[in-house]
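> Let me begin by handing over the structure; questions about it come next.
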Amino acid sequence: MAQKRSVARGLGAADPKYERVLGIFNVGSHWVAFMIDKNAKLCHMFDPLQSERNYAAIESSVRKEMEHVLDLEGKLDYKKIDWCKQQDGSSCGIWCIAVLEMIVAGASWNDTIYRLQPYLRMHYLYKVISVLTKPV
11 MAQKRSVARG
21 LGAADPKYER
31 VLGIFNVGSH
41 WVAFMIDKNA
51 KLCHMFDPLQ
61 SERNYAAIES
71 SVRKEMEHVL
81 DLEGKLDYKK
91 IDWCKQQDGS
101 SCGIWCIAVL
111 EMIVAGASWN
121 DTIYRLQPYL
131 RMHYLYKVIS
141 VLTKPV
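Numbered according to the working numbering, the sequence shown spans residues 11 to 146.
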């Protein structure tokens, strides 16, 4: 637990200049996500499978780790994002990234976005490659 908090601090999660903290983590063999709006004291939680067990795991992890780091212990409200559900057995990571990106941008969901999944895979792969090949 101390290591997770140290990493979160080291990445600047508690820095007051950041209004939001985003995270994606693995529960078993499945990716889930959260976004904390520090000013609104609200944690948006997203599980691409829409599983109550996974939502409980997200809330528990954020309560144990992030509330302490952000000095928001017992002050956060939790909200489930239920407007996107994974349609296959392998796209959870892509949907976590896409949903967080949509929340940050203030975009609204439309079910036709499901058809963009192949494009999103390539889009995020390209972003990662460009970061990894950027000169230091």
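From the three backbone atoms N, C-alpha and C, an ideal C-beta is built for every residue, glycine too.
What number of angstroms, rounded off, separates the C-alpha of glutamine 71 from the C-alpha of proline 128?
Numbered from 1 along the sequence shown, position 61 holds the residue referred to as residue 71. Numbered from 1 along the sequence shown, position 118 holds the residue referred to as residue 128. Here residue 71 is serine; the residue named in the question, glutamine, does not match the sequence. Cα-Cα distance, rounded: 30 Å.
> Measure from the alpha carbon of isoleucine 46 to the alpha carbon of each residue in Ile91, Pro58, Asn64, then state which is nearest.
Taking the first residue of the sequence shown as position 1, residue 46 is located at position 36. The candidate whose alpha carbon is nearest that of isoleucine 46 is Ile91.
> Using 8 Å for Cβ pairs, my map puts valine 42 next to asparagine 64. What's the rounded Cβ distance?
Stepping through the sequence shown from its first residue, residue 42 is reached at position 32. Stepping through the sequence shown from its first residue, residue 64 is reached at position 54. With a Cβ gap of about 5 Å, valine 42 and asparagine 64 count as contacting.
> Please classify leucine 110 as buried or exposed, where buried requires at least 16 other C-beta atoms within 10 Å of its C-beta.
Taking the sequence shown and counting its residues from 1, the one referred to as residue 110 is at position 100. Label assigned to leucine 110: buried.
> Skipping 5 residues on each side, what residues in its chain have a beta carbon closer than 7 Å to that of isoleucine 104?
Position 94 of the sequence shown, counted from the start, is the residue given in the question as residue 104. For isoleucine 104, where only same-chain residues beyond five positions count, the Cβ hits under 7 Å are Gln127, Leu130, Arg131, Tyr134.
> Where does tryptophan 119 sit, in a helix, a strand or coil, going by DSSP?
Along the sequence shown, one-based indexing puts residue 119 at 109. Residue state, collapsed to three classes: coil.
> Excluding five sequence neighbours on each side, which residues of the same chain lie with their C-beta closer than 8 Å to the C-beta of glycine 84?
As a working note, residue 84 is residue 74 in the sequence shown. Correct list, in chain order: Glu77.
> Does the Cβ of proline 58 have 16 or more other Cβ atoms within 10 Å, making it buried, or fewer, making it exposed?
To locate residue 58, count along the sequence shown from 1; it is residue 48. The residue is buried, with at least 16 neighbouring Cβ atoms inside 10 Å.
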